[in-house]
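Here is the structure we will look at.
Numbering (the working numbering), first residue to last: 834 to 1026.
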């Protein structure tokens, strides 16, 4: 596959059942590790996930578009979260795009007690094509809701009253409580307004 912008869906991690010294990961709360997964794109952290406690496998949702090419590094760091100090489990590196093959679930090169890491990708264009109708539907729904609110608001508002005018000469009055027209001097009554 060629390099380009890809939508990184998630990262799936599996670790060994024991530490490199052959011991269980956690002494007090079970043998399995409390995994913490950090994903770095060219050194910058793009995601950090805490898995359910005491698990040998975890999935870290990413949901970001990243540029992946021959010069890019995508590193997945895995640690066992402990109360005082996190124990490093290992790491994985996404291989260069030329080594991916046709699959969009790319296996990574692992180190330490990390047994398997898979990065699930979609081509950015495929991701947009996949969700474009949902986005269009959402837009139509939002516009429909705004239109309904606007129509409902018009019905809830009191009707606009015509500006007050003189009952004799029809000159415009400043307000409804005027008792005498400033233009013609005609007395004004509430019924005439």
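Beta carbons are placed, not taken as given, at the ideal position from N, Cα and C, and that holds for glycine.
Keep in mind that this is a model prediction, so the values were computed, not measured.
>> By alpha-carbon positions, which one of 979, 921, 953 ends up nearest to residue 897?
In response: Reading the chain shown from its first residue, position 64 is the one you call residue 897. Answer by Cα proximity: 953.
> In its own chain, which residues sit with a C-beta less than 7 angstroms from the C-beta of residue 871, not counting the 5 before and 5 after it?
Replying inline: Counting from 1 along the chain shown, the entry for residue 871 is found at position 38. 878, 881, 910.
> How many angstroms separate the CA atom of residue 955 from the CA atom of residue 905?
Replying inline: For the purposes of this step, residue 955 is identified with residue 122 of the chain shown, where counting begins at 1. For the purposes of this step, residue 905 is identified with residue 72 of the chain shown, where counting begins at 1. Straight across, the Cα-Cα distance linking residue 955 with residue 905 is about 17 angstroms.
> How about the segment 942–952 and the segment 915–930: do they share at least three Cβ pairs that are nearer than 8 angstroms?
Replying inline: Touching, per the Cβ criterion.
>> Just to confirm the assignment: which complete beta strand (DSSP E) runs, minimum length 3, are found wholly within the segment 871–935?
In response: DSSP assignment within the segment 871–935 yields the following whole beta strand (DSSP E) runs of 3 residues or more, N-terminal first: 877–883, 890–901, 907–913, 920–926.
> According to DSSP, is residue 945 helix, strand or coil?
Replying inline: Taking the chain shown and counting its residues from 1, the one referred to as residue 945 is at position 112. Residue state, collapsed to three classes: strand.
> Can you name the residues that DSSP bridges to residue 1005?
Replying inline: Translated into the one-based positions of the chain shown, residue 1005 becomes position 172. Secondary-structure assignment with DSSP links residue 1005 through a beta bridge to 998.
> Buried or exposed: where does residue 866 fall if 16 or more other Cβ atoms within 10 Å of its Cβ makes it buried?
Replying inline: On the chain shown, residue 866 is found 33 positions in, with the first residue counted as 1. Under this definition residue 866 is a buried residue.
> Where does residue 981 sit, in a helix, a strand or coil, going by DSSP?
Replying inline: One-based indexing of the chain shown puts residue 981 at position 148. If DSSP states are grouped into helix, strand and coil, residue 981 belongs with the helices.
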